[in-house]
Amino acid sequence: MSYNHLKSNPSGSKLYTRWFGTFRHDLYAVVLERFSVSYISSYRKYIAQGPAKQRLREEPATWEYHCDCFGRDVLASTDSREPGLIKPCPAFWQAPATGIGSKAAVIIQEGTRWDYRSGTLNFARGEQKSLALAGANPFKAAYNSDSYAYFAIDAYKEKA
């Protein structure tokens with residue numbers, strides 16, 4: 001849904017502006033690339049076979065999930081030294097399946113952080129801070145992991 005929304009709105013949209021700020025073609029290209037293809041579906045596959053083109057929506061099924069995170073204030077964690085691995089924490093299992101703060105959002109947030117995938121960062125955490133970041137600094141919003149999760153959720157709701 002996210003990729004289709006972006007491709008259907010090559011000059012921007014209200015949804016794009018909401019999460020990524022004032023439309024700029026260079027930043028739109030960054031966001032589109034992150035939603036359109038993945039350079040690899042898993043790190044091990046990359047080492048064995050080289051890059052593969054796969055949309056972000058197809059990737060989570062190829063990642064590994066190890067339930068060895070015990071953080072109380074986080075839903076999941078990733079480690080840049082372990083691309084393709086997400087560690088759900090106990091709070092993850094209490095989160096709703098969809099929407100803001102959901103399991104789906106967490107998987108998108110964590111999955112965009114690995115350098116091979118997208119290399120997003122945590123410039124702003126949470127819905128309100130991500131909205132403020134989009135208004136104040138579109139460049140950082142285009143590199144903020146939560147912005148991708150919230151955009152994807154809203155694009156899905158828009159089509160549902």
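Residues 1 to 160 (the UniProt record's numbering) are what the sequence shown spells out, left to right. In this text, a Cβ means the ideal position worked out from N, Cα and C, and glycines have one as well.
*asked:* Which runs of the alpha helix (DSSP H) at least 4 residues long sit entirely within the UniProt domain "Lysine-specific metallo-endopeptidase" (4-153)? Give them in chain order.
replied: List check, alpha helix (DSSP H) in window: 14-20, 25-36, 43-49, 103-111, 127-136 and 138-141.
*Look at residue 105 and residue 2 and say whether their C-beta atoms are less than 8 Å apart.*
To locate residue 105, count along the sequence shown from 1; it is residue 105. To locate residue 2, count along the sequence shown from 1; it is residue 2. No, they are not a contact pair.
*Through-space distance from residue 135 to residue 25, alpha-carbon basis*: For the purposes of this step, residue 25 is taken as the residue at position 25 of the sequence shown. For the purposes of this step, residue 135 is taken as the residue at position 135 of the sequence shown. Rounded to the nearest whole angstrom, the CA to CA distance from residue 25 to residue 135 is 16 Å.
*Have a look at residue 70 and residue 87 and give me their C-alpha separation to the nearest angstrom.*
What you label residue 70 is simply residue 70 of the sequence shown in a count that begins at 1. What you label residue 87 is simply residue 87 of the sequence shown in a count that begins at 1. Rounded to whole angstroms, residue 70 to residue 87 spans 9 Å at the Cα level.
*Excluding five sequence neighbours on each side, which residues of the same chain lie with their C-beta closer than 7 Å to the C-beta of residue 120?*
For this step, residue 120 is matched to residue 120 along the sequence shown. Result list for residue 120: 112, 113, 143, 144, 145 and 148, in chain order.
_Inter-residue CB distance, residue 158 and residue 5 (contact presumed, cutoff 8 Å)_ = Here residue 158 corresponds to residue number 158 of the sequence shown, with the count starting at 1. Here residue 5 corresponds to residue number 5 of the sequence shown, with the count starting at 1. Indeed they touch by this definition, with Cβ atoms about 7 Å apart.
*asked:* Would residue 21 and residue 95 qualify as a contact pair, given that the criterion is a beta-carbon distance under 8 Å?
replied: For the purposes of this step, residue 21 is taken as residue 21 along the sequence shown, with counting starting at 1. For the purposes of this step, residue 95 is taken as residue 95 along the sequence shown, with counting starting at 1. In this structure, residue 95 does not lie closer than 8 Å to residue 21 by Cβ.
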